[in-house]
Amino acid sequence: MAPYDSILDLIGNTPMVEVSRLSPNPRARIFMKLEGRNPGGSVKDRVALALVEQAEKDGILEPGREGQVLIEPTSGNTGIGLALVCRVKGYHLKVVLPTNVSVERRQLLELWGAEIIESPGSEGSNGAVRMARQLAAAHPEWVFLYQYANLANPAAHYEGTGPEIWRDCPEVTHFVAGLGTSGTLLGAGRYLKDQNPDVKVWAVEPPAGEMVDGLRNLDDGYIPPIFEELGGSSLLDRKTVVRPRESIEWTRRLAEVGLFVGISSGAAMAGAVKCAGEVPEDGQAVIVVISADDGWKYLSTGAWTDDLDTVVERAASIIYF
Amino acid sequence: MPVDVRLPTLLRSQTGGRSTVSVEGKTIGDILNELVAQYPGMGGQLLNEDGTLHRFVNVYVNDDDVRYLDLLDTPVKPGDEVSILPAVAGG
Numbered sequence: 002m003a004p005y006d007s008i009l010d011l012i013g014n015t016p017m018v019e020v021s022r023l024s025p026n027p028r029a030r031i032f033m034k035l036e037g038r039n040p041g042g043s044v045k046d047r048v049a050l051a052l053v054e055q056a057e058k059d060g061i062l063e064p065g066r067e068g069q070v071l072i073e074p075t076s077g078n079t080g081i082g083l084a085l086v087c088r089v090k091g092y093h094l095k096v097v098l099p100t101n102v103s104v105e106r107r108q109l110l111e112l113w114g115a116e117i118i119e120s121p122g123s124e125g126s127n128g129a130v131r132m133a134r135q136l137a138a139a140h141p142e143w144v145f146l147y148q149y150a151n152l153a154n155p156a157a158h159y160e161g162t163g164p165e166i167w168r169d170c171p172e173v174t175h176f177v178a179g180l181g182t183s184g185t186l187l188g189a190g191r192y193l194k195d196q197n198p199d200v201k202v203w204a205v206e207p208p209a210g211e212m213v214d215g216l217r218n219l220d221d222g223y224i225p226p227i228f229e230e231l232g233g234s235s236l237l238d239r240k241t242v243v244r245p246r247e248s249i250e251w252t253r254r255l256a257e258v259g260l261f262v263g264i265s266s267g268a269a270m271a272g273a274v275k276c277a278g279e280v281p282e283d284g285q286a287v288i289v290v291i292s293a294d295d296g297w298k299y300l301s302t303g304a305w306t307d308d309l310d311t312v313v314e315r316a317a318s319i320i321y322f
Numbered sequence: 665m666p667v668d669v670r671l672p673t674l675l676r677s678q679t680g681g682r683s684t685v686s687v688e689g690k691t692i693g694d695i696l697n698e699l700v701a702q703y704p705g706m707g708g709q710l711l712n713e714d715g716t717l718h719r720f721v722n723v724y725v726n727d728d729d730v731r732y733l734d735l736l737d738t739p740v741k742p743g744d745e746v747s748i749l750p751a752v753a754g755g
């Protein structure tokens, strides 16, 4: 294999592994796509690179010019991906980060030189988004790529993740992924439906609205602008909540078959298992599920080693999606 | 037979702090209307004036979002669990 020019060339082209041993239904096969294999450790490397390269194409960022500053709200993985891309390309990154993310996420941001601006943990990602928007408005000289509203986010998945799934598993009948900014589902889900309109797209989400206790009223709610702009509600076939206990139980089950993946991957797997359980008697399914990241960043939560009840309680107060 | 409805923190001020309430109904629409009848302060929070679901409110039956089932016509049977959550940002 020829050597790569840049670490950024290793983004994408992630492997898929069959995990049907964990399927509750012999007629439903399950394949997990391991996005933790990206160099920054998550699916968000794809988004980070796409956001920055689109801004370069649009002339908003200029490679090589000194003193360019980016600001972005993130619960972690997008920030880590952006920190990596910015370090390699020479931009300065400020991330607005809720205080209640795992300690490893903070350290990864710092090691690639990102500056952390803290937002209240009780307001979750909503609070980070609000603070970043205010700071960006006050500092028009900073570049605000805003992953929640930037079409380069789903485009990265329409052009990368989706075609990779279709290449490696054209038998796919169901696509399951975490909701987050909705970029993965909108991009890869749309690509798969464009190839085969019968593919069903399932979104999995944590009960984030239960954990975020800083909301004053429902008008403080948030729907990513890309979700509304790209008709997310007509693209998705199902949306299901997976609670922390089930997420951690499935994270552990995945470890039993050798996969050391993050807690949101356990949640996504729980969604895939639910999907497998609904395949009718006379039907067959091939489910592709996204593992957004590996387990490394969650070791401090004790997810694999501590008492389940203790870990579930801890998980209710940290952002793991 | 009543169905248990789990409420998010921000609606619990209406129920004296209770996180779960029991409500009668055969569909999600029945359940939400009955909730509003019992706790009028929830009216403007859950439903729009035309009776449709507020855009920042997600309602789930056994953890499935009703927007991807039959919305307010989604049937509810005894033993099901309904939960209401505000839409918040992820990622």
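As given, the protein sequences belong to chains A and B, one line each in that order.
Counted the way the working numbering counts, the first sequence spans residues 2 to 322.
Counted the way the working numbering counts, the second sequence spans residues 665 to 755.
Think of the CB as a built atom: it goes at the ideal place given N, C-alpha and C, for glycine as much as any other residue.
Here the structure is a predicted model, which means the values were calculated and not measured.
Would you give the residue range spanned by the alpha helix (DSSP H) that residue i belongs to?
| i | result |
| --- | --- |
| Thr57 of chain A | At residue 57 of chain A the sequence reads Glu, which differs from the Thr that was named. First-last of the alpha helix (DSSP H) with Glu57 of chain A: Lys45 to Lys58. |
| Glu250 of chain A | Pro245 to Glu257 |
| Thr302 of chain A | Note, Thr302 of chain A: premise wrong, no alpha helix (DSSP H); not H, not E. |
| Pro14 of chain A | For the record, residue 14 of chain A in the displayed sequence is Asn; it is not Pro. Looking at the DSSP string, Asn14 of chain A is not in any alpha helix (DSSP H), and its letter there is neither H nor E. |
| Ser265 of chain A | Ile264 to Gly278 |
| Ala137 of chain A | Gly125 to Ala139 |
| Leu735 of chain B | No alpha helix (DSSP H) holds Leu735 of chain B; DSSP gives it neither H nor E. |
| Lys194 of chain A | Arg191 to Gln196 |
Once the 5 residues before and after residue i are set aside, which same chain residues still bring their CB inside 6 angstroms of it?
| i | result |
| --- | --- |
| Leu749 of chain B | Pro672 and Asn722 |
| Trp251 of chain A | Gly267, Met270 and Ala271 |
| Ser265 of chain A | Gly179, Ala293, Tyr321 and Phe322 |
| Gly693 of chain B | Leu736 |
| Phe228 of chain A | Ser183 |
Quick one: what's got a C-beta closer than 8 angstroms to residue i's C-beta in the same chain, skipping five residues either side?
| i | result |
| --- | --- |
| Glu698 of chain B | Val687, Glu688 and Gly689 |
| Phe720 of chain B | Pro750 and Ala751 |
| Val96 of chain A | Ile72, Glu73, Pro74, Thr75, Gly80, Leu83, Ala84, Leu110, Ala115, Glu116, Ile117 and Ile118 |
| Lys298 of chain A | Gly42, Gly77, Ser103, Glu105, Arg106, Leu109 and Gly263 |
| Gln135 of chain A | none |
Shorter than 9 angstroms from the beta carbon of residue i to some beta carbon of chain B?
| i | result |
| --- | --- |
| Asp96 of chain A | For clarity, residue 96 of chain A is Val in the given sequence; the question names Asp instead. By this cut-off, Val96 of chain A is not an interface position. |
| Ile288 of chain A | no |
| Asn218 of chain A | yes |
| Ser7 of chain A | no |
| Ser248 of chain A | no |
| Glu149 of chain A | It should be noted that the sequence gives Tyr, not Glu, for residue 149 of chain A. Yes, its Cβ sits closer than 9 angstroms to a Cβ of chain B. |
| Ala156 of chain A | no |
| Leu146 of chain A | no |
| Val242 of chain A | yes |
| Ile224 of chain A | yes |
| Gly165 of chain A | In the sequence on display, residue 165 of chain A carries Glu and not Gly. Cβ-Cβ to chain B under 9 angstroms: no for Glu165 of chain A. |
| Gly68 of chain A | no |
| Val274 of chain A | no |
| Gly210 of chain A | yes |
Less than 9 angstroms between CB atoms is the rule here; does residue i satisfy it with respect to chain A?
| i | result |
| --- | --- |
| Asn712 of chain B | no |
| Asn697 of chain B | no |
| Val721 of chain B | yes |
| Thr673 of chain B | yes |
| Tyr703 of chain B | no |
| Ser686 of chain B | no |
| Val700 of chain B | no |
| Leu736 of chain B | no |
| Pro750 of chain B | yes |
| Arg682 of chain B | no |
| Asp727 of chain B | yes |
| Gln709 of chain B | yes |
Beta strand (DSSP E) containing residue i: first to last residue?
| i | result |
| --- | --- |
| Val746 of chain B | Glu745 to Pro750 |
| Trp203 of chain A | Lys201 to Glu206 |
| Thr241 of chain A | Arg239 to Val242 |
| Arg22 of chain A | Careful: Arg22 of chain A lies outside any beta strand (DSSP E) and carries neither H nor E. |
| Pro74 of chain A | Val70 to Pro74 |
Tell me which residues share the same chain as residue i and place their Cβ nearer than 7 angstroms to its Cβ, disregarding the 5 neighbours each side in the sequence.
| i | result |
| --- | --- |
| Ala29 of chain A | Ala277, Val280, Ala286 and Ile288 |
| Met665 of chain B | Pro742 |
| Leu237 of chain A | Leu186, Val202 and Ala204 |
| Arg253 of chain A | Trp305 |
Report yes or no: do the region 739 to 746 of chain B and the region 708 to 716 of chain B share at least 3 C-beta pairs separated by less than 8 angstroms?
-> Taking one beta carbon from each stretch, the region 739 to 746 of chain B and the region 708 to 716 of chain B have fewer than 3 pairs nearer than 8 angstroms; the two do not touch.
Could you tell me whether the region 231 to 245 of chain A touches the region 156 to 171 of chain A, using the rule of 3 or more Cβ pairs below 8 angstroms?
-> With the cut-off at 8 angstroms, the region 231 to 245 of chain A and the region 156 to 171 of chain A do not touch.
Length-filtered (4 minimum) alpha helix (DSSP H) runs lying within the region 668 to 714 of chain B | Taken in chain order, the whole alpha helix (DSSP H) runs of length 4 or more contained in the region 668 to 714 of chain B are 692 to 702 and 707 to 710.
Give a yes or no on contact between the region 108 to 127 of chain A and the region 74 to 93 of chain A, applying the rule of three or more CB pairs nearer than 8 angstroms.
-> Contact between the region 108 to 127 of chain A and the region 74 to 93 of chain A is established, with three or more Cβ pairs separated by less than 8 angstroms.
Which runs of the beta strand (DSSP E) spanning at least 3 residues fall entirely within the region 80 to 107 of chain A, listed in chain order?
-> With a minimum length of 3 residues, the continuous beta strand (DSSP E) runs that stay inside the region 80 to 107 of chain A are 93 to 99.
Runs of beta strand (DSSP E) wholly within the region 143 to 185 of chain A (minimum 3 residues, chain order) | Fully enclosed beta strand (DSSP E) runs of 3 or longer: 175 to 179.
Three or more C-beta pairs closer than 8 angstroms, one from the region 58 to 70 of chain A and one from the region 17 to 37 of chain A: is that the case here?
-> Verdict: no, contact absent.
Does the count of Cβ pairs from the region 157 to 165 of chain A and the region 37 to 53 of chain A closer than 8 angstroms reach three?
-> Contact between the region 157 to 165 of chain A and the region 37 to 53 of chain A is present, because at least three Cβ pairs lie under 8 angstroms.
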